[in-house]
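By the working numbering, the letter at position 70 of the sequence shown is numbered 70, and the numbering carries on one by one without gaps.
C-beta: ideal position from N, C-alpha, C; glycine also.
Because the structure is a prediction, the values reported are computed rather than measured.
Structure first, commentary second.
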Amino acid sequence: MKKLAIPFLTILLTGCYSLPNIPGFNQDIWQVPITYCDQDKLDLANILVEHKDQLLGEGQTQIKKLLGQPDEHELYKRTEKFFYYNLTPGDTCDIETPRRLSIRFDALDRAKEVMIIE
1 MKKLAIPFLT ILLTGCYSLP NIPGFNQDIW QVPITYCDQD KLDLANILVE
51 HKDQLLGEGQ TQIKKLLGQP DEHELYKRTE KFFYYNLTPG DTCDIETPRR
101 LSIRFDALDR AKEVMIIE
């Protein structure tokens, strides 16, 4: 019986959290792959940064449910972790510097920083 208690509690606790409701953010559009010179993801990332207070404190699982798997992740010192989401296409456009959404997580798995980087 004890063997079932831990997995049950894990499912129960992670299932109780709802995704943040961010005004103007469209999860369906976010999930569409970037196409030639498409600015939709960059526009949505700006909305996320404007409402970052609703993302701060969320765990990696909740961020993945909202944004999907990151395009890249980085394990940093002191067990901090970064998720990176590409916002602009690579060299296919006249964009001088590609942009990415960066989300930093602390050692306790909480989002601590949300920003657009070049």
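{"Check": "Do you know how far the Cα of residue 109 is from the Cα of residue 47?", "Outcome": "23 Å"}
{"Check": "Residues in its own chain within less than 6 Å of residue 58 by CB, not counting five upstream and five downstream?", "Outcome": "111"}
{"Check": "Name the residue from 44, 65 and 103 whose alpha carbon lies nearest to the alpha carbon of residue 72.", "Outcome": "103"}
{"Check": "What do you reckon, is the C-beta of residue 96 under 6 Å from a heavy atom of the ligand NAD?", "Outcome": "No copy of the ligand NAD occurs in the structure displayed, which carries no ligand at all."}
{"Check": "Just confirm the distance between the C-beta atoms of residue 89 and residue 36, as a whole number of angstroms; I'd bet it's less than 8 Å.", "Outcome": "6 Å"}
{"Check": "Near residue 86, what residues of its chain come up, given a Cβ to Cβ distance below 6 Å and the 5 sequence neighbours on each side ignored?", "Outcome": "71 and 100"}
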